[in-house]
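Residue numbers (our numbering): 749 to 805.
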């Protein structure tokens, strides 16, 4: 589950043993997530292992 500013914006599937960087890259590469970011800079990425990634823009 990928959230932008705390709101659900997409889903990504990664391996259970994926590193934090791999999960972050997959989340930011999601087409729907990019649409909601609209070129805004990423200020913080919060990850809960096995559950969600929240991107603060």
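In this text, a Cβ means the ideal position worked out from N, Cα and C, and glycines have one as well. Since this is a predicted model, take the numbers as computed values, not measurements.
Q.
Let me confirm a value: residue 775 is counted as buried when at least 16 other C-beta atoms fall within 10 Å, else exposed. Which label applies?
A. Counting from 1 along the chain shown, the entry for residue 775 is found at position 27. Looking at its Cβ environment, which holds 16 or more other Cβ atoms inside 10 Å, residue 775 is buried.
(Q) Classify residue 768: buried if its beta carbon has 16 or more other beta carbons within 10 angstroms, exposed otherwise. (A) One-based indexing of the chain shown puts residue 768 at position 20. Its Cβ having fewer than 16 others within 10 Å, residue 768 is exposed.
(Q) Classify residue 802: buried if its beta carbon has 16 or more other beta carbons within 10 angstroms, exposed otherwise. (A) Counted from its first residue, the chain shown places residue 802 at position 54. Under this definition residue 802 is a buried residue.
Q) Is there at least one non-hydrogen atom of the ligand SAH closer than 6 Å to the beta-carbon of residue 800? A) Annotation note on the ligand SAH: not contained in the displayed structure, which lists no ligands.
Q. Cβ atoms of residue 788 and residue 804: under 7 Å apart, would you say?
A. For this step, residue 804 is matched to residue 56 along the chain shown. For this step, residue 788 is matched to residue 40 along the chain shown. Result no, Cβ atoms of residue 804 and residue 788 do not sit closer than 7 Å.
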